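Before any comments, here is the structure.
Number of protein chains: 2
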Amino acid sequence: MKSVKDYIEYINASFDAMSYPEQPRGLYDPIKYTMQCGGKRLRPMLVLAVAEALGMKPEHAVRQAMGIEMFHNFTLLHDDVMDRADMRRGNPTVHVRWNEATAILSGDAMLTMASQLMGNCPHDKLHEVMSMFNKTAMEIYEGQQYDMDFETRNDVTESEYMYMIRLKTSVLLGCACAVGAVLADASAPVVKAFYDYGLSLGLAFQLQDDLLDTYGDPRVFGKKTGGDILNDKKTFLLITALDRADVRQRAEIESLYGKRSDDKVSRIKAIYDSLNVGEVCRERIAAYIVDAVACLDTIELSEEARAFFVNLAESSSDRKS
Amino acid sequence: MKSVKDYIEYINASFDAMSYPEQPRGLYDPIKYTMQCGGKRLRPMLVLAVAEALGMKPEHAVRQAMGIEMFHNFTLLHDDVMDRADMRRGNPTVHVRWNEATAILSGDAMLTMASQLMGNCPHDKLHEVMSMFNKTAMEIYEGQQYDMDFETRNDVTESEYMYMIRLKTSVLLGCACAVGAVLADASAPVVKAFYDYGLSLGLAFQLQDDLLDTYGDPRVFGKKTGGDILNDKKTFLLITALDRADVRQRAEIESLYGKRSDDKVSRIKAIYDSLNVGEVCRERIAAYIVDAVACLDTIELSEEARAFFVNLAESSSDRKS
Chain A
4 MKSVKDYIEY INASFDAMSY PEQPRGLYDP IKYTMQCGGK RLRPMLVLAV AEALGMKPEH
64 AVRQAMGIEM FHNFTLLHDD VMDRADMRRG NPTVHVRWNE ATAILSGDAM LTMASQLMGN
124 CPHDKLHEVM SMFNKTAMEI YEGQQYDMDF ETRNDVTESE YMYMIRLKTS VLLGCACAVG
184 AVLADASAPV VKAFYDYGLS LGLAFQLQDD LLDTYGDPRV FGKKTGGDIL NDKKTFLLIT
244 ALDRADVRQR AEIESLYGKR SDDKVSRIKA IYDSLNVGEV CRERIAAYIV DAVACLDTIE
304 LSEEARAFFV NLAESSSDRK S
Chain B
4 MKSVKDYIEY INASFDAMSY PEQPRGLYDP IKYTMQCGGK RLRPMLVLAV AEALGMKPEH
64 AVRQAMGIEM FHNFTLLHDD VMDRADMRRG NPTVHVRWNE ATAILSGDAM LTMASQLMGN
124 CPHDKLHEVM SMFNKTAMEI YEGQQYDMDF ETRNDVTESE YMYMIRLKTS VLLGCACAVG
184 AVLADASAPV VKAFYDYGLS LGLAFQLQDD LLDTYGDPRV FGKKTGGDIL NDKKTFLLIT
244 ALDRADVRQR AEIESLYGKR SDDKVSRIKA IYDSLNVGEV CRERIAAYIV DAVACLDTIE
304 LSEEARAFFV NLAESSSDRK S
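Chain order of the listed sequences is A and B. Per the numbering used here, the very first residue in the first sequence carries number 4; after that it's consecutive. Per the numbering used here, the very first residue in the second sequence carries number 4; after that it's consecutive.
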């Protein structure tokens, strides 16, 4: 097994070495720009690490690792157009740097390129890899649609929220793990166990994102905290707070919807603190990490491989950015 | 072989019978709406007719026929967002009837659903079908990018224009024919001959579109004519006119760029008429139809099948809408 740092370097080097057609530049430049803007590379790392843990050389899974990452970046690119987000990873988004038509079309091309990368595998694996990939893609669109639907609702339940992040975020981590396992010729139960590991990891990961957006250290987090609160985003924290709030607290939260006043973040945070929702969220994250590690126990793995996936899960709750 | 009318009915019935998940409605309703808005169904008809001409039951190619049509409608949906078009086939476009985020996301889902439909074929055909489909998709995005690039250029050459419509329009007709042939177990030369037939048909088809936009009968054409002229679209007619124009005519055309005056269409049409560009376009269409029919001559076909494809090609230059 490689270290996390070495996997990231290998993935970045693979994208740097990827060749694109020269023309039309208006189509391919934004794709290069997007793929070279970095990111945690968590999803491709999962493809490579699972394949390697099951005895396969990572080179034989690198195209699918890149395909999953290309797909992930396509969804971010189109989400940024839909959300009118100006910045991503410290850089202007594609629709800001170029224009909206370019962002839509380049994103479309990234989805097809992702499909091409996924399909660049042995013919006897093609059907399973493509079915998994396409099914996951559909689930992610559904998740994005629910997320948008939630913007205009103030009665989102915790279970609706968990279902939404399962679709929007977690299934891609599950798919990444499962594709690595399929490529390495794993049995169906092992593919399933790795899928479930990725799913639990994804839920922990998204809840940690929610937590960091409110409680992160802005110097380490890389962007201003409090954005979710300002935008009335239906996060785990807000939904938990509404569940636990008394009449007065609920009224105060509701009175702040749609406002962008200076003290909105601190007032909502004070309610969160009095209701202990940060701690509830941290406990939930810990529970999903326990779930993820439990999935590993059903798989025969070397000590080294097991340690890699346990560390990866545990570090997702330690991360500060 | 079925008649054109029967193929269209079969395709429409197949889309009507297609089942979509119940939820989230915001994602699936626009897709149903788009797929039930009709259209000429030319591309899926080509898949079915080629498969049937080569001895295969059309039922065994219907999913790929639907996949190609779903893909085509996805490109129209996203193009309409990029072009800010309000109407399509007499109905409000998705971004007008819903909103832009919905149009982007539903389009993304249509691309993945198209990929699922294409991949729903015997495993030994999967690699070839998906490679063809994905390669064609990339070419179409390139064509759309060139088309957008041409908007801000006044020096587009005829060969650049023909290359653009080859990518944006023709390759999908070629791909539709080739996929039908691959499914029916055709040899490589037959696949290639059908691909080339579709390509020439597509070029004729797009030039006929250019012609109808200026010279069509608005009552039959289904929308106002002159739109391309008003929008300074770099069509075959405009490029040919600029090629043949004298200094005075060129100056008049250029003086009207960006204008939307009442007499713009009639003034440009008068130049077109004096330079005979309608006739040049009609001759070119006839030449592509000859090319298309010549491709058929290399394929062993029943009289009935041959007649079907010859008629289809010839009717593309007779069509009024």
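We treat Cβ as the ideally placed atom computed from N, Cα and C, and that holds for glycine. Nothing here was measured: the structure is a model prediction, and the numbers come from that model.
Per DSSP, reduced to three states, the secondary structure at B:P61 is helical. With a beta-carbon spacing of about 15 Å, B:I232 and B:A248 fall beyond the 8 Å limit used to define contacts. In the DSSP assignment, A:N94 is bridged to A:R91. Here the C-alpha atom of B:K237 lies approximately 10 Å from the C-alpha atom of B:E161. With its beta carbon less than 8 Å from one in chain B, A:Q148 belongs to the interface.
Approximately 31 Å separates the beta-carbon atoms of B:I271 and A:I107; this is outside 8 Å, ruling out the contact.
Comparing alpha-carbon positions, the option among B:S269, B:C178, B:K128 lying closest to B:K195 turns out to be B:C178.
Cα atoms of A:V65 and B:V97: separation of roughly 38 Å, rounded to the nearest angstrom.
Counting every other CB atom within 10 Å of its CB across the protein chains shown gives B:Y198 a total of 16 or more, marking it as buried.
B:S190 has its alpha-carbon roughly 11 Å from the corresponding atom of B:E303. Contact annotation: in the region 80-108 of chain B, residues whose CB is within less than 7 Å of a CB in chain A are H81, V84, M85, A104, I107, L108. The distance from the Cβ of A:L170 to that of A:Y149 is about 7 Å, consistent with a contact at the 8 Å cut-off.
Every unbroken stretch of the alpha helix (DSSP H) spanning 4 or more residues and falling wholly within the region 234-309 of chain A is given here in chain order: 239-247, 250-259, 267-278, 280-299. Relative to the Cα of B:M69, the nearest Cα in the group B:M85, B:A88, B:N102, B:A20 belongs to B:A20. Against chain A, the beta carbon of B:G29 has neighbours under 8 Å at Q148, M151, D152, listed in chain order. In this structure B:M90 is exposed. Its beta-carbon is surrounded by fewer than 16 other beta-carbon atoms within 10 angstroms. By the Cβ-count criterion, A:V53 is buried, with 16 or more other Cβ atoms from all chains shown falling within 10 Å of its own Cβ. Chain-order list of chain A residues neighbouring B:H126: H130, by C-beta distance under 7 Å. Cβ-Cβ separation between B:I288 and B:Y164: approximately 14 Å, too far for a contact (criterion under 8 Å).
For the C-beta of A:D111, the chain B residues within less than 7 Å are, from N- to C-terminus, H81, L114, Y144. Contact between the region 314-323 of chain A and the region 70-83 of chain B is absent: fewer than 3 CB-CB pairs across the two stretches fall below 8 Å. Closest in C-alpha terms to B:L240, from the list B:V159, B:S258, B:K60, B:K128, comes B:V159. Inter-residue distance for A:L79 and B:A187 is about 39 Å (C-alpha atoms, whole angstroms). When the beta-carbon positions are compared, A:A56 and A:A254 stay at least 8 Å from each other.
Here DSSP, grouped into helix, strand and coil, assigns A:K43 to coil. Counting only runs of 4 or more residues that sit fully inside the region 5-40 of chain B, the alpha helix (DSSP H) segments are 7-19, 28-38, in chain order. The three-state secondary structure of A:C178, taken from DSSP, is helix. Residue state for A:T155 is assigned as coil, using DSSP reduced to three classes. Taken residue by residue, none of the region 159-177 of chain B has a beta-carbon sitting less than 7 Å from a beta-carbon on chain A.
Collapsing the DSSP output to three states places B:K171 in a helix. Note on B:D321: under 16 other CB atoms within 10 angstroms of its CB, so exposed under the neighbour-count rule.
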